[in-house]
Amino acid sequence: MRHRYSNYFSSLQFVADLLIINIAFLGALWLRFVIVAKSALPVSELHYTIFWLVYNLIWIILVLVLKPYRFLRHSFNLNELMSRFFQVAALHLALVIAFWVFVKGYYFSRGHLVLATGLLFFLGVGWRIIATYLVKKYRLSGYNRRNYIIVGYGELSDAVKNYYDMSPDIGYVFKGYFDKHSIVPFVKAWHHNLAVLEEFIMDERIDHIYCCQPYLDNQDIQAIIQLGEKHKIKVMLQIDFRGFLTNEATLEYHDYIPVINISTKAFSNVRTEVLKRTFDLVFSLTVVTLGSPVFIIMAVLVKFTSKGPVFFLQERSGRWGEPFKIIKFRSMVPDSDKIAQKHSMGDHDKRITKFGRFMRKTRLDELPQFFNVIAGDMSIVGPRPLARYDVEMLMKESPTKFKRILTIKPGITSIGQVKVGYADNAQESVRRLNYDLLYVDNPSLRTDLWLIARTVLLVFQKKGR
336 MRHRYSNYFS SLQFVADLLI INIAFLGALW LRFVIVAKSA LPVSELHYTI
386 FWLVYNLIWI ILVLVLKPYR FLRHSFNLNE LMSRFFQVAA LHLALVIAFW
436 VFVKGYYFSR GHLVLATGLL FFLGVGWRII ATYLVKKYRL SGYNRRNYII
486 VGYGELSDAV KNYYDMSPDI GYVFKGYFDK HSIVPFVKAW HHNLAVLEEF
536 IMDERIDHIY CCQPYLDNQD IQAIIQLGEK HKIKVMLQID FRGFLTNEAT
586 LEYHDYIPVI NISTKAFSNV RTEVLKRTFD LVFSLTVVTL GSPVFIIMAV
636 LVKFTSKGPV FFLQERSGRW GEPFKIIKFR SMVPDSDKIA QKHSMGDHDK
686 RITKFGRFMR KTRLDELPQF FNVIAGDMSI VGPRPLARYD VEMLMKESPT
736 KFKRILTIKP GITSIGQVKV GYADNAQESV RRLNYDLLYV DNPSLRTDLW
786 LIARTVLLVF QKKGR
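The opening position of the sequence shown corresponds to residue 336 in the working numbering, with each subsequent residue numbered one higher.
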């Protein structure tokens, strides 16, 4: 294979991040102790030396386990880089806090950790933005390209070409269609003759061959694979899974026969579900621990701005329809569900208190639901848990879709919650349901991190409803 320098890109990313976490750690020490406290750097103190080593070691272990620097060429983009970075950085912070708790590190500076985390995110995001821009610019300038051909012409092969035509920054250059018998002028015929293909591959310095199986038989594919082995060219088999391969799929071997197992329920992979539950617990415990002052302030404000209890408890429908009690900061007057309509009427609902209106805009009324997550009734990301009257309404409006929603745990935030927010009527409830089905079809930790980031943005923009 040509373009061997691409193999060093993962190592370059690892070195860059390792350099950044050390700059963040030491830079935060300097800011916290030299600039703010006007004292000397505590790097010579044993406990900070150990903390520095642990800080690095945790990052290295996470990189070895999660492998965040392994990218396929077409998946190397800013969104992918960011989501993987946030995943590692969030777990890194959680494990660092766990280390503090384990060693009872009351002598460590919380201000230093906050500054180090802020610098890590700022520098980590910054170099990724610059790196993706430079790589795209480099490829669009005509460098770092991959030449490819498509063998077997039809609708599917057009889809492959259109994908790369729409994404020139990936750097794939189309060199032509081949088919056994040419039926259109721009498709070259090869008539099972490998010499025709081989000559073209050598002349055009082809890197990848796409084989579209609906238009090739097994003998053709075997011959092309042997040709690829001879010239060290990647051969990719394109099978038409469109329309039914939307869920998680795994390749199994029944004796010597390969079988594709298509999942019919969300999170059927035990490892994925365990990872999601672990992330939910670590993230929720971190929020509850570090955010305890915010919880206390919110509780006091709710109590003193309106009469009634601090918390609002209501029975909601959980996974597989199991009922549980959801907990929120009260944003309406007491017994609001017994007054007038059951659905919230948004900003015009007179039952919402003045402070409750602020909490809904910033989603701060949802904070106590992290206790529901810790208890196992909810997840951080998942379809919104519905009250009984919403369940009855959706069972009438869209029963099949609603039953699919019940296959995963409800969550504090979701695609529907980000896009729609609180549903004021049946139409908006169905619209939110359709958005949430997108997550049911493709749940992942990466999507969770993206939705958490979007929700945090909504909090600061006060665009919740």
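Think of the CB as a built atom: it goes at the ideal place given N, C-alpha and C, for glycine as much as any other residue.
Practice problem: May I have the straight-line CA-CA distance separating P549 from D504, to the nearest angstrom? | Solution: Between P549 and D504, the C-alpha separation is close to 29 Å.
Exercise. Assign F360 to one of three DSSP states: helix, strand, or coil.
Key: Note: F360 maps to helix in three-state DSSP.
Exercise. Can you tell me which of the three DSSP states V321 falls into?
Key: Since the displayed the chain opens at 336 and closes at 800, residue 321 lies outside it and no answer follows.
Quiz item: In chain order, what residues of the same chain have a beta carbon less than 8 Å from the beta carbon of K523, not counting five sequence neighbours either side?
Solution: For K523, same chain residues with a beta-carbon under 8 Å away, outside a window of 5 residues either side, are G511, Y512, F513, D514, S517, V531, F535 in chain order.
Quiz item: Could you give the distance in angstroms between the alpha-carbon of L616 and the alpha-carbon of P669?
Solution: So the two alpha carbons sit approximately 31 Å from each other.
Self-check item: Assumed close pair A451, F344 - CB separation to whole angstroms, cut-off 8 Å
Solution: Between A451 and F344, the beta carbon gap of about 27 Å keeps them out of contact (Cβ cut-off 8 Å).
Exercise. Could you spell out where the beta strand (DSSP E) holding V645 opens and where it closes?
Key: In the DSSP annotation of this structure, V645 is not part of any beta strand (DSSP E), being labelled neither H nor E.
Exercise. Quickly, what does DSSP pair M801 with across the bridge? List them, please.
Key: Outside the modelled stretch of the chain, which goes from 336 to 800, sits residue 801, for which no answer is possible.
Quiz item: Can you round the beta-carbon distance between M633 and L699 to whole angstroms, since I take them to be within the 8 Å contact cut?
Solution: The Cβ separation is near 6 Å, so the contact holds.
Exercise. For A375, count neighbouring C-beta atoms within 10 Å of its own C-beta (all shown protein chains included) and say buried if the count is 16 or more, exposed if not.
Key: Exposed, because fewer than 16 other Cβ atoms sit within 10 Å of the Cβ of A375.
Exercise. Consult DSSP for S410 and reduce its assignment to one of helix, strand or coil.
Key: Helix at S410.
Quiz item: Considering N707, what are the terminal residues of the alpha helix (DSSP H) in which it resides?
Solution: For N707, the uninterrupted alpha helix (DSSP H) segment begins and ends at 704-710.
Quiz item: Do W394 and I356 have their C-beta atoms closer together than 8 Å?
Solution: The criterion of a C-beta distance shorter than 8 Å is satisfied by W394 and I356.
Quiz item: Which first and last residues belong to the alpha helix (DSSP H) in which R739 is found?
Solution: Per DSSP, the unbroken alpha helix (DSSP H) holding R739 starts and ends at 734-740.
Quiz item: Based on Cα-Cα distance, which residue from P745, K611, W655 lies nearest to Q422?
Solution: Q422 has its Cα closest to that of K611, out of P745, K611, W655.
Quiz item: At what residues does the alpha helix (DSSP H) containing V839 begin and finish?
Solution: Outside the modelled stretch of the chain, which goes from 336 to 800, sits residue 839, for which no answer is possible.
Quiz item: By how many angstroms is the C-alpha of S652 removed from the C-alpha of T742?
Solution: Going by the C-alpha atoms only, they are around 12 Å apart.
Quiz item: Which parts of the stretch 517-580 are runs of the beta strand (DSSP E), unbroken and 3 residues or longer, counting only runs that do not cross its ends?
Solution: For the beta strand (DSSP E) assignment, the uninterrupted runs of no fewer than 3 residues enclosed by the stretch 517-580 are, from N- to C-terminal side, 522-524, 543-547, 569-573.
Quiz item: What's the C-alpha gap between Y383 and V594?
Solution: Going by the C-alpha atoms only, they are around 53 Å apart.
Quiz item: What three-state label does DSSP hand K515 in the structure shown?
Solution: Coil, per DSSP.
Quiz item: Would the C-beta of I385 count as close to the ligand HEM, meaning under 7 Å from any of its heavy atoms?
Solution: Ligands displayed in this structure: none; no statement on the ligand HEM is therefore possible.
Practice problem: Kindly indicate the opening and closing residues of the beta strand (DSSP E) around L488. | Solution: Checking the sequence, you will find Tyr at residue 488 rather than Leu. Run containing Y488: none; DSSP gives neither H nor E here.
Practice problem: Grab me the residues of E533's own chain with a C-beta within less than 7 Å of its C-beta, minus the 5 sequence neighbours each way, in chain order. | Solution: Cβ neighbours of E533 beyond the five flanking positions: L562.
Quiz item: Any idea if V519 is buried or exposed, counting beta-carbon neighbours within 10 angstroms, 16 or more meaning buried?
Solution: It is exposed - the Cβ of V519 has fewer than 16 other Cβ atoms within 10 Å.
Exercise. For R789, collect the residues of the same chain with a Cβ closer than 6 Å to its Cβ; drop the 5 residues on either side in sequence, then sort them by chain order.
Key: Only residues of its own chain outside the window of five on either side were considered, and among them V753 have a CB closer than 6 Å to the CB of R789, listed in chain order.
Exercise. Helix, strand or coil for I743, going by three-state DSSP, please let me know.
Key: Coil.
Exercise. Within the same chain, show all residues whose beta-carbon is closer than 7 Å to that of A761, passing over the 5 residues directly before and after it, in chain order.
Key: Within the same chain, A761 has close Cβ partners M728, E732.
Self-check item: Separation of W785 from Y404, as counted between CA atoms
Solution: In this structure, the alpha-carbon of Y404 lies about 18 Å from that of W785.
Quiz item: Secondary structure at R481, three-state DSSP: helix, strand or coil?
Solution: Of the three classes helix, strand and coil, the one that applies to R481 here is strand, per DSSP.
Quiz item: Any contact of the stretch 431-440 with the stretch 481-501, i.e. 3+ C-beta pairs under 8 Å?
Solution: With contact defined as three or more Cβ pairs closer than 8 Å, the stretch 431-440 and the stretch 481-501 are not in contact.
Practice problem: Check whether the Cβ atoms of E763 and V755 lie closer than 8 Å to each other. | Solution: Going by C-beta atoms, E763 is nearer than 8 Å to V755.
Self-check item: A675 - DSSP class collapsed to helix/strand/coil
Solution: Residue placement at A675 cannot be trusted, given a pLDDT of 48 that sits under 50; what the coordinates show is reported in the next sentence. In the structure shown, A675 sits in coil (DSSP, three-state: anything other than H, G, I, E or B).
Quiz item: Leaving out the 5 sequence neighbours to the left and right, which residues in its chain are closer than 6 Å to S714 when beta-carbon positions are compared?
Solution: Only D615, K744, G746 meet the Cβ criterion.
Self-check item: Residues near T621 in its chain [Cβ-Cβ closer than 8 Å; skip 5 each side]
Solution: Closer than 8 Å at the Cβ level, and outside the excluded window around T621, lie L428, A429, I432.
Quiz item: To the nearest whole angstrom, what separates the beta carbons of D542 and I568, a pair I think is in contact under 8 Å?
Solution: A Cβ-Cβ separation of about 6 Å places D542 in contact with I568 under the 8 Å criterion.
Quiz item: So what's L792 in DSSP terms, helix, strand or just coil?
Solution: L792: helix per DSSP, three-state reduction.
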